[in-house]
Amino acid sequence: MTKLKSTIRLLCTVATFSFLLISCNNTTTSNWEQEANGVWKYSIGSNDKIDLLKAAKAIPNIEKINDSEPAEFPLDKEKIHITKTDKNIIVRLPLEDEEQIYGLGLHFKSVNQRGKIYNLHVDHYGGTDNGRTHAPVPFYVSNQGYGVLINSASYITVYVGSSVRVDSDNKPTVYDRNTDKEWEAQPKSDVIEIVIPDENAEIIVFNGGTPLNTVRKYNLYCGGGCLPPKWGLGFTYRTHTLYTAEQVIAEINEFEKQGFPIDFIGLEPGWMNRSYPCSYEWDETRFPEPEEFVSTLLNKGVRTNLWMNPYIAPKAKLYGPMLPFAGTHYVWNGIIPDYTIDKARKIFTDFYEKNQLDIGVSGLKIDEVDGFDNWLWPDAATFPSGTSAEQMRQVYGLLLQDMITDLYHKNNTRTYGLIRASNAGASRFPFVIYNDYYNHKDFITALINSGFSGILWTPEARQSDTGEEWLRRMQAVCFSPMAMINAWSSGTKPWSYPEVYDEVKTVALLRMQLLPYIYSTFADYHFNGTPPIRPMQLTEEFYAQEEVKEGELDDTKNPYKLALKSDLKDQYMFGENIIVAPIFTGDTSRQIILPKGKWYDFYSGDYLGENEIIHIETKLEEIPLFVKDGGIIPMIKSGLHVPKKNEKIALELRYYGKAEGSFLLYDDDGETFDYEKGDYSWTKLSVDAQNKKDVKRMEGNYFNYMDISWKFMTE
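Sequential numbering from 0 applies to the sequence shown in numbering that gives the first Met the number 0.
Now the structure itself:
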C-alpha cells in the first residue's frame, strides 16, 4: 500500500510538472502579445505584484515607437522555452554562433557579456563583474539588432552563453584536452538561460533592426530619457561634509575668483542636524537661515543640491508619522519607509516640499540605497505593503527617484541629482549614478555600459595622486552626463594641482561651450530614446564593414572584428558626432578605432582617417576628440554659469570635413516643463555638398540663440 501511495504521488508530481512545462513553454505566436511595432511581451503569472517597470512608473511611448520601421519578431519561437516550476521561472533563448551580447546593467570591467554569469542584485560594486552592482538592469541587446528585458523585481540569474545543453541542436565539438590543441575551457553555448525566482514575470522582446534602434525602443518603452535642466549640464562641486553656510558661500566666491565654472553645489550630511540616520532638518548652527542661504546662492547663479539617505532618525520630526509605514529593521539605526505606500510618499514629499523645495533647493543626492549586505536591510525584513525584502532592495532606488521626479514635475521645476541604486525603467529619471569605487579605467567602462541600459553614470573626480591623474580624470568627467568634483571628504578643489590647473580649467570651460550640443543630445534622449553616451557597439558605422574573407585581411585592418575581440571599452560616442578617447595616467600614446566614414580632429579640424585603427601621441592639455565627416557642433562662448532662462546668447556652428551634414538643435527655457506645452524649438543646421549653409526652424518658436556664425574647421 505504501509503495502504491508513493507511486501515485510520483505520478501526480510528474503530471503537475508536465502541465506547467506545457502551459508555459512558448512555441506559438498567440503566447506573445505585440504591444507596439517591434515590441512583444510574454506574461507569466498575475500582474498585480510589484515589478521594475511598475516601481519606475514607466509609461511606454507607444506612439513614438510605432513611428519606426516595421519589424518582425526577431527570434525563432521554436527555440524559445519558458518553463515554470514550483520555485522558479526559467527562460531559455537562442544564441547564434558569432552573436555578441551587451548590457545587463552597470558593469565596470567588461562590455561584451557573452560567456558571463550574472546574479543581478542591487549592491555596492565590489570590484568584480558578477551582477551585484548599482544598476543590475535585466536588459540585454544583441549585435544582431534585438533586445530582451526581464521585468521582475527578483534577484535574476543570467547565464549569457555559458551553459551547454545535452539537447542542443548545435552542440560544440568535443575535444580531448590531452591531445587536441583546439580544446577550450569553456565550450561555446547556443543559449542564454535566465532563472527568475518568482511566480510572476514579463519577458519583453524588442526589435529595432540595429542595436542602437533597439536601445532607443527600450528607452522609449520606459518613457523616454530624462531632459535635465540646462544648469544640470554645467559644472557641479560637492563641498566637505561639515561645511557651514559661510564656508559654502566662500567656496563659491573662490570659484568665481579662480574663473572656474560652477552651476550647482552639493551639501553633504552636515547640512542636517543629524545624519546616519537622517532628519532632513537644517542644522541651526551651520545653516541658521536656510532660505536666505539658498536665495544667496541662486542670486549668484548657483543651485543647491542636498545629500540624503532614506533612513529616518528616531529623534527626527518625520519619525513618528512614518513609523507605521516602516519596515521591520533599522538601517544606520534609522527606520526604512515603505515608499510603495502612497501615504508614506505623501508624508515625505510634503515635508521636503515645505522645508527644501519651497525655499529653492534644486535637487537631491540619494545615498546608501545599494549595499553592501551589512549596510542594508536583510532579506529577512518585511514591509507593511507586503513587498518582500528582496523586491524592495531591487526597486528602492526606483521608488525614490520616482517620488522626487514627480514632486519637481508637479512644481514645474526640473531637477538633476545623484543616486546610488537604480534598475530597469529608470531612463526618464533625472538622476546620475555614482559610487565609492574609484578606478579611472573602470569608470570609463561603466560609462560605456550605461549606454546599453537606460541609465546615466558619472566618472566623478575626488582626488588624485598626481596632477596628471587629476587632469585625466577631469577631462573624462567633462565628457560625461554630470561634470562633478565630489570633495565631501578630501576637500579637493579644481586648482588643488596648480601644475595642471590651466588645462583643467580649459576642459571645464569647453564643457560650458558645448552646452547647445550636449543639451540637444539629451533632447534626443528624451524624445527619441537615443542614449547620450553611445557605446561604439551601438554605432551603426561599426556594423557597416564589408564581408572579410579569411586570409585577406587581419584584425588590424578590420576594426569591427578587433573591437569584438578586444571588448572595446575605452572610447565612446558623446552624442551623434563626437568620439571621446580618454587618456589614463602615464599614457603617452593610444590607439583609436575609427568607424566607417572620415573622421577629423575636434581641435584642429585635421583629417585623421576612416575605417581604420590609428595611433596618436597624447597631449597633456587635450582629451582626444574626433568629429565625423559632415559633423556640426553648435557652441557658445564659455562662461562661469550656463545661460539663464530667456537669456539671448551668440551661437557658433563648427563644421568638420567635406560631406553633407546636418544637426538638429534643440532649445527651450532650460528650467521648467513648459516644453510639454509646446514652448520649445527644433532647428535644422545643415551644410550641403556645395558648402551652402542653412539654419531652418523645423518645429516650435522658443529659440534663444542670436548672432549665428559658422566656422569651417577643415581646410
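Here a beta-carbon is modelled for each residue, glycine too, at the ideal position from N, C-alpha and C.
Going by C-alpha positions, T520 is about 11 Å away from C225.
By the criterion of at least three beta-carbon pairs nearer than 8 Å, the region 272-290 is in contact with the region 345-358. Rounded to the nearest angstrom, the Cβ distance from D668 to D678 is 7 Å, consistent with a contact under 8 Å. Boundaries around S685 are those of the beta strand (DSSP E), 680-686, since no alpha helix (DSSP H) includes it. Counting only the Cα atoms, A343 lies some 38 Å from L514.
For G319, the uninterrupted alpha helix (DSSP H) segment begins and ends at 318-321. Excluding its 5 nearest sequence neighbours in each direction, A244 has C-beta neighbours in its own chain below 6 Å: F286, F292, listed in chain order.
DSSP, read as helix, strand or coil, puts R461 in coil. Residue burial is scored here from C-beta neighbours: H614 has fewer than 16 other C-beta atoms within 10 angstroms and is therefore classed as exposed. When DSSP reads this structure, E616 sits in a beta bridge with S588. Cα atoms of D673 and R413: separation of roughly 10 Å, rounded to the nearest angstrom. In this structure, the alpha-carbon of M307 lies about 36 Å from that of I64.
Spatial neighbours of R461 in its own chain (CB-CB distance under 6 Å, excluding positions within 5 residues in sequence) are listed in chain order as N485, S489. Taking the Cα positions, Y220 is about 10 Å away from T213.
Contact check for Y665 against I631 fails: the beta carbons are separated by 7 Å or more. Between A312 and G333, the gap from beta carbon to beta carbon is short of 7 Å. For the 7 Å CB-CB criterion, I591 and L650 do not form a contact. Taken atom to atom, the span from the alpha-carbon of W281 to that of V641 is near 28 Å. Runs of the beta strand (DSSP E) spanning 3 or more residues and lying entirely within the region 296-347 occur at 302-307, 325-330, 333-336, in chain order. Between P458 and S479 the beta-carbon gap is near 6 Å, inside 8 Å, which marks them as a contact. Here the alpha carbons of Y704 and E283 stand approximately 43 Å from one another. In this model, I248 and L296 are separated by some 7 Å (Cα to Cα).
Boundaries for D50: no alpha helix (DSSP H) harbours it, and the DSSP string shows neither H nor E there. Within the region 627-668, the runs of beta strand (DSSP E) that reach at least 3 residues and sit entirely inside it are, in chain order, 631-634, 648-654, 660-666. Only residues of its own chain outside the window of five on either side were considered, and among them V368, I418, A420, S421 have a CB closer than 6 Å to the CB of G396, listed in chain order. Using a 10 angstroms sphere on the CB of Y174, the tally of other CB atoms stays under 16, which defines it as exposed.
Secondary structure of E290 (DSSP, three-state): helix.
According to DSSP, residue pairing for Q33 in a beta bridge involves W39. Remark: C-beta atoms of P377 and D337 do not approach each other more closely than 7 Å. Under the 10 Å beta carbon count, D168 is surrounded by fewer than 16 other beta carbons and is classified as exposed.
Of all alpha-carbon atoms in L375, N118, P320, the one lying nearest the alpha-carbon of D349 is that of P320. When the beta-carbon positions are compared, F234 and D189 stay at least 7 Å from each other. Residue pairing by DSSP places W469 in no beta bridge whatsoever. Unbroken beta strand (DSSP E) stretches of 3 residues or longer found wholly inside the region 206-260: 234-237, given in chain order.
In the three-state scheme derived from DSSP, where H, G and I count as helix and E and B as strand, A445 is classed as helix.
The alpha-carbon separation between Q393 and F138 amounts to approximately 14 Å.
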